[in-house]
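K.L.:
In my numbering, the protein residues as written are 135 to 342.
(1) The alpha helix (DSSP H) spanning residue 239 covers which residue range?
(2) Go through its chain and collect everything with a Cβ distance to residue 290's Cβ below 6 Å, but skip five positions before and after it.
(3) Mapping DSSP to helix, strand and coil, what is residue 221?
(4) Rounded to the nearest angstrom, how far is the Cβ of residue 334 from that of residue 260, given a contact under 8 Å?
(5) Work out the CA separation of residue 216 and residue 309 for me, nearest whole Å.
(6) Can residue 238 and residue 190 be called in contact, C-beta distance under 7 Å?
(7) Report yes or no: do three or more beta-carbon pairs, one from the segment 310-325 and one from the segment 168-182, lie closer than 8 Å?
(8) According to DSSP, simplified to helix, strand and coil, what is residue 216?
(9) Once you ignore the five residues that flank residue 228 on each side, which residues in its own chain have a CB closer than 6 Å to its CB?
(10) How about residue 213 and residue 164: are their beta carbons less than 7 Å apart?
(11) Please report the residue range of the alpha helix (DSSP H) in which residue 256 lies.
(12) Just reading off the alpha helix (DSSP H) that residue 135 is part of, what are its end residues?
(13) Classify residue 145 as buried or exposed, calling it buried when 16 or more other Cβ atoms lie within 10 Å of its own Cβ.
(14) Let me know if residue 273 comes out buried or exposed under the rule of 16 or more other beta-carbons within 10 Å of its beta-carbon.
(15) Is residue 323 closer than 7 Å to residue 271 when the C-beta atoms are compared?
(16) Write down the C-beta distance between residue 243 and residue 265 rounded to the nearest angstrom, noting that I regard them as a contact closer than 8 Å.
(17) Give the range of the alpha helix (DSSP H) segment to which residue 298 is assigned.
(18) Are the Cβ atoms of residue 149 and residue 257 separated by less than 7 Å?
(19) Taking 6 Å as the line, does the beta carbon of residue 172 fall inside it for any heavy atom of the ligand MG?
(20) Shortest alpha-carbon distance to residue 211 belongs to which of 218, 195 and 223?
(21) Measure the CB-CB distance between residue 186 and residue 171 and report whether it falls below 7 Å.
(22) Might you give, ordered along the chain, the residues of its own chain that have their beta carbon closer than 8 Å to the beta carbon of residue 203, omitting 5 neighbours on each side?
Structural data, given as structure tokens:
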């Protein structure tokens, strides 16, 4: 069984690359849209705030797992582009679904950043960056749920392997192996964040 998993590692690695792609695009698009909502919430005109507050609250509170199914059914399966029919990959639908909670998160965090800067907090940007990176890790973990709509990511590929060898022991071993990919990603993020905080503290100590 272990030999089978080792042989399937490149196959699973390509699936994990899809998870990273989904998470990266979700954070990128969500950050841009979240900053736009933050600007609307902070804009002095009163009429920009209510819709921005409502959109932020909606994005923040709707479960991403529910959004996956909603987006999967709402977005078309294919579109016509210059006379050619183009299928919409399921990983794009997963990206759209995971972008929505990022919008709410960034809108709130960016608004807090503006207020902290206005109060003279010199560590506000670092705090925002750390929170953003931690949420990025959460989105990477959440990208595994894309398998429920059929996206071709690591969990979906693991399920295909399990379908070929239905022994309970192989099922357990495969899921443990797949979980290690996410654990290693988390450890890598934690190490990078730890290094960032340590270097920042060293710079602050040198300035002091």
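Ideal Cβ positions, reconstructed from N, Cα and C, are used throughout, including at glycine.
The structure displayed is predicted, hence computed values, not measured ones.
P.N.:
Put simply:
(1) Counted from its first residue, the chain shown places residue 239 at position 105. Unbroken alpha helix (DSSP H) run through residue 239: 224-252.
(2) As a working note, residue 290 is residue 156 in the chain shown. If we look at residue 290 and ignore the five residues flanking it on each side, its Cβ neighbours are 281.
(3) In the chain shown, residue 221 corresponds to position 87, counting from 1. Here residue 221 sits in strand by DSSP.
(4) Counted from its first residue, the chain shown places residue 334 at position 200. Counted from its first residue, the chain shown places residue 260 at position 126. 6 Å between Cβ atoms; contact.
(5) On the chain shown, position 175 is the one that residue 309 refers to. On the chain shown, position 82 is the one that residue 216 refers to. Distance between the alpha carbons of residue 309 and residue 216 is about 42 Å.
(6) Counting from 1 along the chain shown, the entry for residue 238 is found at position 104. Counting from 1 along the chain shown, the entry for residue 190 is found at position 56. In this structure, residue 190 lies closer than 7 Å to residue 238 by Cβ.
(7) no
(8) Within the chain shown, the letter at position 82 stands for residue 216. Coil, per DSSP.
(9) Start at 1 with the first residue of the chain shown, and residue 228 comes out as number 94. Taken in chain order, the residues that qualify are 156, 280 and 285.
(10) Reading the chain shown from its first residue, position 79 is the one you call residue 213. Reading the chain shown from its first residue, position 30 is the one you call residue 164. No, the Cβ-Cβ distance between residue 213 and residue 164 is not below 7 Å.
(11) On the chain shown, position 122 is the one that residue 256 refers to. Note, residue 256: premise wrong, no alpha helix (DSSP H); not H, not E.
(12) As a position in the chain shown, residue 135 is number 1, starting the count at 1. From DSSP, residue 135 is part of no alpha helix (DSSP H); its letter is neither H nor E.
(13) Counted from its first residue, the chain shown places residue 145 at position 11. So residue 145 ends up on the exposed side.
(14) By one-based count along the chain shown, residue 273 stands at place 139. Label assigned to residue 273: buried.
(15) For this step, residue 271 is matched to residue 137 along the chain shown. For this step, residue 323 is matched to residue 189 along the chain shown. Result yes, Cβ atoms of residue 271 and residue 323 sit closer than 7 Å.
(16) In the chain shown, residue 243 corresponds to position 109, counting from 1. In the chain shown, residue 265 corresponds to position 131, counting from 1. Residue 243 to residue 265, Cβ: 6 Å. Contact.
(17) The count along the chain shown starts at 1 and reaches residue 298 at position 164. Segment 288-298, the alpha helix (DSSP H) holding residue 298.
(18) Along the chain shown, read from residue 1 onward, the residue named residue 149 stands at position 15. Along the chain shown, read from residue 1 onward, the residue named residue 257 stands at position 123. It is not a contact, given that the beta carbons lie outside the stated cut-off.
(19) Summarising the ligand content, the structure contains no ligands, and the ligand MG is consequently not present.
(20) On the chain shown, residue 211 is found 77 positions in, with the first residue counted as 1. Answer by Cα proximity: 223.
(21) Here residue 186 refers to the residue found at position 52 of the chain shown. Here residue 171 refers to the residue found at position 37 of the chain shown. Yes, the pair counts as a contact, with Cβ atoms nearer than the cut-off.
(22) The residue given as residue 203 occupies position 69 in the chain shown. Once the five neighbours on either side are set aside, the close Cβ partners of residue 203 are 282 and 283.
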